[in-house]
Structure formats: C-alpha cells, structure tokens
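*Asks:*
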Amino acid sequence: GAIYDRGAVLYGLGRAGGLNDVRGHTLCAFIQDGFPDEQPKRILDLGCGVGHGTLALTDLFPDAEVHAVDIGGALLRYAHARAESLGKPVHFHQQDARNLKFEDESFDMVTSEILFHETSRRAMPAILKEAYRVLKPGGAMCNLEVPLRYKGMDMGGVVVRDWQNYYNAEPFWGSLGCVDFEQAMKDAGFTRIVQGFQPRTLNFAGERGTMDKEDPSMGALSHWVVFGGYKD
203 GAIYDRGAVL YGLGRAGGLN DVRGHTLCAF IQDGFPDEQP KRILDLGCGV
253 GHGTLALTDL FPDAEVHAVD IGGALLRYAH ARAESLGKPV HFHQQDARNL
303 KFEDESFDMV TSEILFHETS RRAMPAILKE AYRVLKPGGA MCNLEVPLRY
353 KGMDMGGVVV RDWQNYYNAE PFWGSLGCVD FEQAMKDAGF TRIVQGFQPR
403 TLNFAGERGT MDKEDPSMGA LSHWVVFGGY KD
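Everything in the sequence shown is counted per the numbering used here, starting at 203 for the first residue and increasing by one.
1) Any chance you could list the alpha helix (DSSP H) runs of at least 4 consecutive residues sitting entirely within the region 321-365, in chain order?
2) Would you list the one or two residues that DSSP bridges to residue 313?
3) Under 8 angstroms between the Cβ atoms of residue 277 and residue 236?
4) Inspect the CB distances between the region 325-344 and the region 259-277 and report whether three or more fall short of 8 angstroms.
5) Report, in whole angstroms, the separation of the C-beta atoms of residue 317 and residue 248, which I expect to be a contact under 8 angstroms.
6) With a cut-off of 8 angstroms on the beta carbons, I'd call residue 347 and residue 302 a contact; round off their distance for me.
7) Using a threshold of 8 angstroms, state whether the C-beta atoms of residue 399 and residue 426 are closer than that.
8) Under 8 angstroms by Cβ, that's how I've got residue 223 and residue 255 pegged, so tell me the actual separation to the nearest angstrom.
9) Among 360, 312, 292, which residue has its Cα nearest to the Cα of residue 241?
10) Inspect the beta-carbon positions of residue 393 and residue 431 and report whether they are closer than 8 angstroms.
11) Does DSSP put residue 427 in a helix, in a strand, or in coil?
12) Exposed or buried, which one is residue 357 when buried takes at least 16 other CB atoms within 10 Å?
13) Mind checking which residues open and close the beta strand (DSSP E) that includes residue 395?
14) Does DSSP put residue 224 in a helix, a strand or coil?
15) I need the boundaries of the beta strand (DSSP E) containing residue 293, first residue and last residue.
16) To which residues of the same chain is residue 413 closer than 6 angstroms at the C-beta, ignoring the five residues directly before and after it?
17) Assign residue 434 to one of three DSSP states: helix, strand, or coil.
18) Nearest-angstrom Cα distance between residue 344 and residue 268?
19) Verify whether the separation of the beta carbon atoms of residue 309 and residue 395 is less than 8 angstroms.
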C-alpha cells in the first residue's frame, strides 16, 4: 500500500497531486455536473485501492457514511491507516465488486475511479449489476475511467495506447477502449445515462458545468472518461 501510494505519485510525475487525488476530485466534479441534486447519505466506492478517490468523496459529502471495497487486503490496511491519519472517516471492506456482501438497496450512491481498466470486460457487467442491486431506488452510480476511446483515434494513438497492454502490465486497456459504456449501464438496469469527458480538477469545488460530451483531445490525462446513471 505505501509503495503504491508514493509510487503512483512518481509514476504520474506528480500530475495527480501530492495526495494523488486529482482523479477523485475530478469524479466529484462530474457528480456535481451530472448529478447536481444528489445528496447521498450512504456511499459505496468500488475498487478503492488505498483510497485516493474515496477521500475526495468525504470532502464533497462530509455528512455521508462512506464505505469502500477492494480485493487487496494489504491495500485496505494501508488505506485505513492513511484515512485515519488524514482525519477522513471511511469504512473499508475486503470484497469482490462482482459479489458484494451488502444487502439490496443499501446505498444512495455507488462510485468507481479507474476500476474498469483494471478488470476484464467479462467482469464489467457483473460489477454494474451488483452496483445496481445495492443501490436504493432513485440512487446513482458515477464512474471515472482512463481517457481511452478508440473511436476517432488515429493509428498512432492506437499504437501508443496498446503499448500499455503489452509492456506496462495493463492487459485490459485494449478491450476497455471499445466498450459502449452507455449500453453497459442500460444492460445493468440503469436509466438516464450521463457520459462525457471531464476536465481534471485539483478541487471538486472548481468550475461547474464543464463536462464535454465529445473527446476534447487536449493532451494526456487532461480529461477523463466519465459515465453514470440512475436506478429508477
């Protein structure tokens, strides 16, 4: 956990901030832009790792009860210690997002941050269906992913992106670039789908209404793929 926490900052050349939480705040900006009326009392964050994105949720919703799951026990132990040291109340659980142990309709919001490019295309429908199951009616699922969209990408871009598959231990990047997120959400039961490209932000309280419906192609990781929907 500690190695990943500090190593991620070095690997990203500091672009994600000292706490490596830019993606989390960008997800929060998407929630504000795409789901402005949501005031969840109970939140579940899937694939939380060491809690980089999870803690941003506690900033946006300070009165919410935040839970987070991951399959990595060592990551979760570090995540708990890290959250405690930063004064952020989060309940961490070692669970598989494909087979959650929570009761039906027990959360107002489910989130994920760069989860789906770390798992298989086969696992994605199961994860989305589990998220739908644990959401209360009227609740929302909000996701942030790597800006990997093959549609409209030139061959040079495809080659560079696919390098991740073979040489950077990212075997699922290739298949993710072809996923229709809107249809995947609909297949799991979600409605009123919102998707686009969210500019990265250092603070969730930044500009509102900035989500772009089309790929802005404004440089590496300047924008992130975002998608979400409601359980009606």
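Heads up, the beta-carbon is just placed ideally off N, CA and C, and yes, glycines get one too.
Please read all numbers here as calculations on a predicted model, not as lab measurements.
*Replies:* In this structure, then:
1) Taking only runs of at least 4 residues, the alpha helix (DSSP H) segments lying wholly in the region 321-365 are 325-336.
2) Answer by DSSP bridge pairing, in chain order: 247, 344.
3) It is not a contact, given that the beta carbons lie outside the stated cut-off.
4) Contact between the region 325-344 and the region 259-277 is absent: fewer than three C-beta pairs spanning the two stretches fall below 8 angstroms.
5) So it is a contact: roughly 6 angstroms between Cβ atoms.
6) Contact doesn't hold; Cβ gap of about 20 angstroms is too wide.
7) Yes, the Cβ-Cβ distance between residue 399 and residue 426 is below 8 angstroms.
8) 7 angstroms between Cβ atoms; contact.
9) Of the candidates 360, 312, 292, 312 places its Cα closest to the Cα of residue 241.
10) A contact, by the Cβ cut-off of 8 angstroms.
11) Correct three-state label for residue 427: strand.
12) Classified as exposed, residue 357 has fewer than 16 neighbouring CB atoms from the shown chains inside 10 Å of its CB.
13) Residues 393-401.
14) Reduced to three states, the DSSP call for residue 224 is helix.
15) Taken as a continuous stretch (DSSP letters only), the beta strand (DSSP E) holding residue 293 covers 293-296.
16) With a pLDDT of only 47 at residue 413, under the threshold of 50, the placement of this residue in the model should not be trusted, and no figure is reported.
17) Coil at residue 434, not helix or strand.
18) Looking at the two C-alpha atoms, the distance is approximately 14 angstroms.
19) Not in contact: residue 309 and residue 395 (Cβ atoms no closer than 8 angstroms).
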